[in-house]
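J.: The following block contains the structure, expressed as structure tokens.
Number of protein chains: 2
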Amino acid sequence: MGRVKLQIKRIENTTSRQVTFSKRRNGLIKKAYELSVLCDVDVALIMFSPSGRLGHFSGNKSIEEILVRYVNLPEHERGSPMSTDSQIEVLHA
Amino acid sequence: MGRVKLQIKRIENTTSRQVTFSKRRNGLIKKAYELSVLCDVDVALIMFSPSGRLGHFSGNKSIEEILVRYVNLPEHERGSPMSTDSQIEVLHA
DNA sequence: CGACCTATGTATAATGT
DNA sequence: TACATTATACATAGGTC
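As structure tokens, this is what we get:
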């Protein structure tokens, strides 16, 4: 968006990179919030920047709660949409 | 966006909610990816849906690595942008 | 269910204050 | 250095296949 099309690669200018980080971090958090409300989803978002900034978001539940839930998933269930009834059972357990 | 402006509240129609989830999940992951590349940031994103879907994203590092880093932060350092030098020192330690 | 289409609302890059 | 503005690229609601 913006005045010019932006290539998706590391922004070399430090000031520009931090300004862009601030803006996009806010946008990403807003989107995460909207998704969590619209679709009744638990979302956890964590960002670490090498330039010394941290940002995170989560909906109703605490980030910790969501992280624990994720970590407790068997490995093969991480990372792809669930579809079978049995998988859904497990997810809801 | 879209043809109609959407209020930010839970979408009651199940089908619509799942369709919106699919679309916005993809959009959110794309944004997270762009942020991680443009700003050289580690991002972890986890989504749990009550309707039985799971989605996640992380950049170079594994989600687990980022989660561990987050969990190991002292409580008072979680949750807001870092600004003072001393805080940045701690974050980089 | 996901992929594509298109009108329209949003996010945001560059710029101004 | 942060905040406001503006032009423009992007995301997406609703619909079709």
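Residue numbers (my numbering), protein chains in the order written: chain A, 1133 to 1225; chain B, 1133 to 1225. Backbone N, C-alpha and C fix where the C-beta goes; we use that ideal spot for every residue, glycine too. Bear in mind the structure is a predicted one, so any value in this text is a computation, not a measurement.
So, is B:S1168 buried or exposed, given that buried needs 16 or more other C-beta atoms within 10 angstroms?
T.: B:S1168 comes out buried.
J.: What's the gap between the Cα of A:A1176 and the Cα of A:V1136?
T.: Distance between the alpha carbons of A:A1176 and A:V1136 is about 31 Å.
J.: Assuming B:I1143 contacts B:R1149 (C-beta within less than 8 Å), just tell me the rounded distance between them.
T.: Sure, about 4 Å apart at Cβ, within 8 Å.
J.: Does any residue of chain A bring its CB to less than 8 Å from the CB of B:I1161?
T.: So, not an interface residue.
J.: On a Cα-Cα basis, can you pick out the residue from A:K1163, A:V1151, A:N1145, A:M1133 that is closest to A:H1188?
T.: Comparing Cα positions, the closest option is A:K1163.
J.: Closer than 8 Å, CB to CB, is B:E1197 near chain A or not?
T.: No, B:E1197 lies away from the interface with chain A (no Cβ there is under 8 Å from its Cβ).
J.: Just to confirm the assignment, what range does the alpha helix (DSSP H) spanning A:S1148 have?
T.: Element bounds for A:S1148: 1146-1170.
J.: Taking the C-alpha atoms as reference points, what is the distance between A:C1171 and B:V1151?
T.: About 9 Å.
J.: Would the beta-carbon of B:D1174 fall within 8 Å of that of B:K1193?
T.: Yes, the pair counts as a contact, with Cβ atoms nearer than the cut-off.
J.: If you count every other CB in all the chains shown that lies within 10 Å of the CB of A:M1179, and 16 or more means buried, which is it?
T.: That one is buried.
J.: Helix, strand or coil: which one does DSSP assign to A:I1140?
T.: In the structure shown, A:I1140 sits in coil (DSSP, three-state: anything other than H, G, I, E or B).
J.: What residues of chain A sit near B:P1182, judged by a beta carbon separation below 7 Å?
T.: Under the 7 Å cutoff, chain A gives D1172.
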